[in-house]
Amino acid sequence: MAQGFAVVLDLFVTFFKIGALGFGGGLAMLPYIEQQVSHYHNWLTEGEFLDLLAIAQSTPGPIAINSSTFVGFRTAGVIGAIVASVGVVFFAVFAINLLSSFLDKNVENPRVKQLFLTLRPITVGLILAAAFSTGQKVLIDWPSVGIALVAFFLLSRFKLHPIVVVLSFGVTGALIYMFA
Amino acid sequence: MGKTKKPSLAAVFQLMFVSAATTFGGGYALVPVLETSIVEKKKWMEEEEFLDALTIAQSIPGVLAANMALILGRRIQGLKGALVACLGAILPSVISVMIIAVFYESVKDAPLMRGFFAGVRPVVVALLFFSFLKLARRIPRRLYDWSLLLGTFAAVAVFGINPFWAIILGGGLSLWRKDLP
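Chains A and B supply the protein sequences, listed in that same order. Once you know that position 32 of the first sequence is 32 in my numbering, the rest is easy, because the numbers rise by one and skip nothing. Heads up: take any position in the second sequence, counting from 1, add 1000, and you land on my numbering.
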């Protein structure tokens, strides 16, 4: 029991660190997660880490949360899954509340305004980078390029909600693979 | 908040839960989903506010999607809103990963799974490009802003530099800028 508690505490501390030090979104955090859980802690073997990569990207939700849940679950069951997932966002809960209350008090400050005006194009540039990197990995043949183009058309011309588009293509794909 | 509306905590939770549960491929894929729901459909927030929330989410370490949920929840409903939104963003992961982890060996090569993701993955690219075009409309058509935008894109997408450095550079540059409207 005491040993179980130690593992749970260790999970929390490790994922707290990953959340507090990892920058750039889930995919950018994966190498750091790997180093922590496969090399430093031996919670997952190399093969299990490959499973993690596949599962984190094929379950809904953020990749970093999915990874935390998976490692926590494999290491300490349901409690481990919850503790690791809460741990990875714990830093952000405090950081964002502090930062937001500071920004709320200083919305009229010219420096703060200037900061946001400068960071806006950078933020949008990062979205374009995410589109490009995902495209490089995913658009590998004519069907995938075709799906992306049709999906883009449905989003921009018909103003369909992204959720509707994602699920329609997912279900269509599942039906085609099952019966073809 | 101007002409934007204030929803209930349950509505905030529901929106985050449904958005996270139907998003595949990480935090960036969540951006267009949230933008469509929060800005366009429900009008809880204006486009600029959303863009600034996204900027804060990217400037803080951690999970982009959880950061987004915390900021958006806070803007909409204060600290309670932040916690409820964050919980909504996490729960689909916790539930679905535990289920998949148990059945992984038996489902990983199932045609149902492979077909679903063959259909979904290219859509994520379309979604991201679509949300880029939408948010890019809010960027002034000036050399300075577009150099930053395309410079960030090239640094991160082509040269593999961590987005963190782009944010730091932006913070530094903002100290020199004097063109506030």
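Don't be surprised by glycine CBs; every beta carbon is placed ideally from N, CA and C.
What first and last residue would you give for the alpha helix (DSSP H) that runs through residue i?
i, result
"A1085/B", "L1064 to V1107"
"V1018/B", "L1009 to A1021"
"L149/A", "W142 to S156"
"L1034/B", "G1027 to L1034"
Helix, strand or coil for residue i? Go by DSSP, reduced to three states.
i, result
"H39/A", "helix"
"G47/A", "helix"
"P60/A", "coil"
"N1162/B", "coil"
"P1140/B", "coil"
"V107/A", "coil"
"L1175/B", "coil"
"D1145/B", "helix"
"M1045/B", "coil"
"R74/A", "helix"
"F116/A", "helix"
"P31/A", "helix"
"K17/A", "helix"
"K1005/B", "coil"
"L139/A", "coil"
"L167/A", "helix"
"P162/A", "helix"
"P23/A", "Correcting the residue identity first, residue 23/A is Phe in this sequence and not Pro. If DSSP states are grouped into helix, strand and coil, F23/A belongs with coil."
"P1061/B", "coil"
"A131/A", "helix"
"A180/A", "coil"
"E1024/B", "Rather than Glu, the amino acid found at residue 1024/B in this sequence is Phe. Residue state, collapsed to three classes: coil."
"A1155/B", "helix"
"A81/A", "helix"
"A1110/B", "coil"
"M1/A", "Only weak support is given to the placement of M1/A: the predicted model assigns it a pLDDT of 48, under 50, and the value that follows is read from those uncertain coordinates. In this structure, M1/A counts as coil in the three-state DSSP scheme."
Report back the beta-carbon spacing between residue i and residue j to the nearest angstrom; my notes put them in contact at under 8 Å.
i, j, result
"P121/A", "L1143/B", "So it is not a contact: roughly 11 Å between Cβ atoms."
"L103/A", "R74/A", "L103/A to R74/A, Cβ: 39 Å. No contact."
"F1050/B", "I1060/B", "F1050/B to I1060/B, Cβ: 16 Å. No contact."
"A1069/B", "P60/A", "About 14 Å; that fails the 8 Å criterion."
"P1032/B", "L1128/B", "7 Å"
"E14/A", "H41/A", "One detail in the question is off: residue 14/A reads as Thr in this sequence, not Glu. With 8 Å as the limit, T14/A and H41/A qualify as a contact, their Cβ atoms being about 7 Å apart."
"G170/A", "G1073/B", "G170/A to G1073/B, Cβ: 27 Å. No contact."
Using the Cβ count rule (16 or more neighbours within 10 Å means buried), how would you classify residue i?
i, result
"M1016/B", "buried"
"Q1058/B", "buried"
"M1001/B", "Low per-residue confidence applies at M1001/B: pLDDT is 45, beneath 50, and the placement is therefore not dependable, though the value from the model is reported in the following sentence. With fewer than 16 other Cβ atoms within 10 Å, it is exposed."
"V1102/B", "exposed"
"N109/A", "exposed"
"Q57/A", "buried"
"S68/A", "buried"
"D1052/B", "buried"
"F49/A", "buried"
"W142/A", "exposed"
"K188/A", "Nothing about residue 188/A can be read from this structure; chain A reaches only from 1 to 180."
"P1140/B", "exposed"
Sorted by chain position, which residues of the same chain lie with C-beta nearer than 8 Å to residue i's C-beta, five sequence neighbours on each side aside?
i, result
"L154/A", "L160 and V165"
"K17/A", "Q36"
"F91/A", "F16, G19 and A20"
"S144/A", "V138"
Take residue i and list the residues in its own chain whose beta-carbon comes closer than 6 Å to its own, dropping the five residues that flank it on each side.
i, result
"G1025/B", "V1124"
"M1/A", "Bear in mind that a pLDDT of 48 at M1/A, under 50, signals an unreliable position, so the number given afterwards is only what the model happens to contain. None."
"L99/A", "none"
Below 7 Å CB to CB, which residues in the same chain sit around residue i once its five sequence neighbours on both sides are set aside?
i, result
"N106/A", "V112"
"L1009/B", "Q1077, K1080, G1081 and V1084"
"M1113/B", "V1107"
"A1089/B", "M1016, A1020, A1065, A1066 and A1069"
"L1091/B", "F1017"
"L262/A", "For residue 262/A there is no data in the structure shown, the boundaries of chain A being 1 and 180."
Which bits of chain E does residue i rub up against, with CB to CB less than 7 Å?
i, result
"T134/A", "Absent from the structure: chain E. Protein chains present are A and B."
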